[in-house]
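Report on one structure; see the data block that follows.
Numbering (the numbering used here), first residue to last: 255 to 1271.
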């Protein structure tokens, strides 16, 4: 260990020649990390430079220690003994040659032993073929003749530079003075005076250079700049790329170099892995992120160093996550986002990749380091380490935040809507508690979080209570001057929260695009304004985020505010008073009646007999084809040769690309362009938002509609589902006007009758008593839609079938596909594997009547065909209703022994009662830092605690009519060990999983149904 000079190379290759191997350790390690690495490789001799103090290490681990000569002595010209190296490359392939160690970003660093064979990857890199005009990055590197590098030589990146540039490409490397810590001023001087034409260093150096116009001008003379070891902020990279090419360089100790091509100058943040000579697979995980896997490929031994390091494995994950280039013509380009270990899973299951957010914050001249936190929280926070003094009071803090406002906004541009930072969630590091860095400006996350855990907890507590000041400095104070005045104030608040144009007073917040984080901001501002009005501590109870969900328009929320804060009594009753129903009915029930009345009003009347649609030459509209159930439905529709054309209506413009990708992952058939057409549509709009000519053509040709598109959100109030109810009315109007009398198959839900409390089973027929719907907007909206279709059958002659679908399980007919791990049933199986205990009872959810999604799609198409058979002619006066649940049900307690046996033997699973299993889960959540990927049940702890107790006898749905319509349903069979084993393979619990096995937050199974979070009351 010593200064970063070429003695590292001298000792590395000298040791190889005499049959030893060097261990290079980072001087930045603490004593515990040093001891862990030294012990891990049983090292007994410590070589050090004269000025390097290793006494604290030797005190903890006594070793033989030698002081090595100074660099100048090695460079003297005098005779030395010759030690010939006589092994061939093949003979030396598996010989250890060097030991490095990981960074230890998530714990203690671990030693990694390189073998001679891994060095071949550097030479092989030069030989990879060009692809469509893209050249190996080494060819760009060779444009330089003399390059400055500030990367440390005890680190993989520094060794990579020396081996690749100097030894293989003939580029002279210029190192700075060993005693100088690399910095932007020194790098700029090297660019000026060291006669270099390229530069390589940590991103922090180039972040600072990008802010200096004169330094940027000097960058003009360079062929390229390589930012190595961490992401470079987009702002800095874009500025530098106007003056020279920017190259991003990321790798891993375990792999040496990865075979890649050079992207264009404009695409500087992206990586282009070689398609035939790298063995790299980018596997989608969730949220548009892809995990990099190296897969052993015969013939690529020289190119795949990781399998020289670990010869016993067949594939290896870098545990790095990337996003794909947004340009559909460049699907081969990927931009680094973060380490998989660094992904922050919020309490709502949403995920945040923090690297680019942190890099952008660090581009501010006052910021030394930044670390985003928020695991298990509703929204993220950030710990910022400043170069200068921290603010001493609230005034200074707000002044500092105001000066950083534009940088925070830039950082938020890299965050999803649910992951944006606000002023209440920014913590500044205390200089008396210094943060530890790993190099390249990266914070040691685990130790830093432990150091600041109490402060982070207090930050979240203060943010929840909103005790400081309004986040919106230009917002006037709330005045309780009547509904119109409060509504006007709310319009301004929501405009500032969302940056939208002012909303109409009756516009639904969530239909307009307001997200859950913005809901929190609105609620926080209401609490602050209530305090300003003298309400005090009661404000938190008055305005939780749930109050926004239950009052989702300007007018409704204004009424709620006045009802809570004003002594005037009448405002909160306006909705019920206007509903023209009995006063004793609840506001939710009143809203259901209002919505039904609104969308059943003016139904077109039909005085003539409406014939059934044809059973051949069918043209089918499918809505929601990109959800899990939708994709399987589309696959089944393609198999039916009586269907000549399928029109997929989806809200997104890239539905075809989504289906192509999901089809591969789920083992579905490829799309037949001659039969399948994708249209971007919004059913809530007139003519579905389509052009007149397109809509008219659909009216002339469509025979069947399968309506599968629905929002799955159990927080939403019934009013937030109004656009979906409006869409059903538009489908009714479409069917009535269609020339071929199109038949509507509506994918409803068992939650439409979730509050049925009769001792008799729920009938397979329309029900117009709105009290039977589950007490949530989702189920209520489904029941309203069923009633609309039934009314349309009576008045308009529109024929339809409503399929009340129960729990939709994962696919079982092939190994590909995935049951969403974040739903409550999969979360039990996955979490149990990591807890090494599985519940063998589940009193409140004992009945298992699940249907696998691939079998369900077949059942639904059989129902579609059956509903339009001549035998059903007499039923046209009503909407037909089917209960699509598994008739061959079993119970959790009966199948528990088989479930237990499905787990691998080495897990040593223990059977527990459900109550004890939940207790174990709660203990883990309270005492450890839970990885929600490994234990997704942690996010649903409250749900499971409530599910411990056996619920009253649940409503019973009998699928008698559905069994008559569907032979597939009659033969589906009950949940069994084969199904469970297939799901476990897909989740990665047992080996042999599908290509989707790394998914952790896929779309819910069925675009209109959730298989896990659906209440079964």
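Even for Gly, the Cβ is constructed at its ideal location relative to N, Cα and C.
How big is the Cα-Cα spacing for residue i and residue j?
i	j	result
residue 1140	residue 865	32 Å
residue 869	residue 898	11 Å
residue 1085	residue 948	49 Å
residue 417	residue 616	31 Å
residue 393	residue 479	14 Å
residue 612	residue 544	20 Å
residue 1100	residue 1092	15 Å
residue 746	residue 535	48 Å
residue 955	residue 1179	56 Å
residue 661	residue 1103	52 Å
residue 928	residue 499	44 Å
residue 1064	residue 1072	6 Å
residue 1009	residue 843	13 Å
residue 857	residue 1007	25 Å
residue 223	residue 1243	What the structure shows of the chain is the stretch from 255 to 1271, and residue 223 is not part of that stretch, so it cannot be assessed.
residue 958	residue 1051	15 Å
residue 680	residue 708	14 Å
residue 470	residue 492	12 Å
residue 490	residue 589	16 Å
residue 978	residue 663	33 Å
residue 275	residue 668	43 Å
residue 1014	residue 1213	14 Å
residue 374	residue 632	47 Å
residue 586	residue 528	9 Å
Do residue j and residue i count as a contact pair if the criterion is CB distance below 9 Å?
i	j	result
residue 1043	residue 982	yes
residue 554	residue 531	yes
residue 570	residue 806	no
residue 640	residue 622	yes
residue 937	residue 877	yes
residue 854	residue 1041	yes
residue 363	residue 280	yes
residue 494	residue 524	no
residue 779	residue 742	no
residue 815	residue 944	no
residue 403	residue 453	yes
residue 1156	residue 1231	yes
residue 975	residue 1035	yes
residue 1060	residue 968	no
residue 850	residue 997	no
residue 575	residue 377	no
residue 517	residue 609	no
residue 356	residue 507	yes
residue 1115	residue 887	yes
If I follow the unbroken alpha helix (DSSP H) through residue i, where does it start and stop?
i	result
residue 954	946 to 955
residue 1078	1078 to 1089
residue 531	Careful: residue 531 lies outside any alpha helix (DSSP H) and carries neither H nor E.
residue 455	No alpha helix (DSSP H) holds residue 455; the beta strand (DSSP E) holding it covers 452 to 455.
residue 394	391 to 395
Just grab the DSSP bridge partners of residue i for me.
i	result
residue 1237	Per DSSP, none; premise fails for residue 1237.
residue 428	402
residue 1138	1059
residue 365	355
residue 1294	Since the first residue of the chain shown is 255 and the last is 1271, residue 1294 is not available in this structure.
residue 520	Answer is none; residue 520 lacks a bridge partner.
residue 277	353
The ligand SAM and residue i: does the residue's C-beta get closer than 8 Å to at least one heavy atom of that ligand?
i	result
residue 1213	The model depicted lacks the ligand SAM and carries no ligand whatsoever.
Quick check on the DSSP output: the beta strand (DSSP E) that includes residue i runs from which residue to which?
i	result
residue 872	872 to 877
residue 319	318 to 321
Taking only runs of the alpha helix (DSSP H) that begin and end inside the segment 668 to 740, which ones reach a length of at least 4 residues, in chain order?
-> Residue ranges of uninterrupted alpha helix (DSSP H) with 4 or more members, entirely inside the segment 668 to 740 and ordered along the chain, are 699 to 705, 707 to 719.
Ranges of the alpha helix (DSSP H) found wholly within the segment 572 to 634, counting only runs of at least 4 = Taking only runs of at least 4 residues, the alpha helix (DSSP H) segments lying wholly in the segment 572 to 634 are 609 to 616.
For the segment 1017 to 1063, which segments carrying the beta strand (DSSP E) assignment without a break, of at least 3 residues, lie completely within its bounds, in sequence order?
-> Correct list: 1054 to 1059.
Along the chain, which unbroken stretches of the beta strand (DSSP E) at least 3 residues long are found entirely within the segment 1102 to 1182?
-> Counting only runs of 3 or more, we get 1134 to 1138, 1164 to 1166.
Whole beta strand (DSSP E) runs in the segment 896 to 975 with 3 or more residues, listed along the chain?
-> Within the segment 896 to 975, complete beta strand (DSSP E) segments of at least 3 residues are found at 897 to 904, 930 to 934, 958 to 961, given in chain order.
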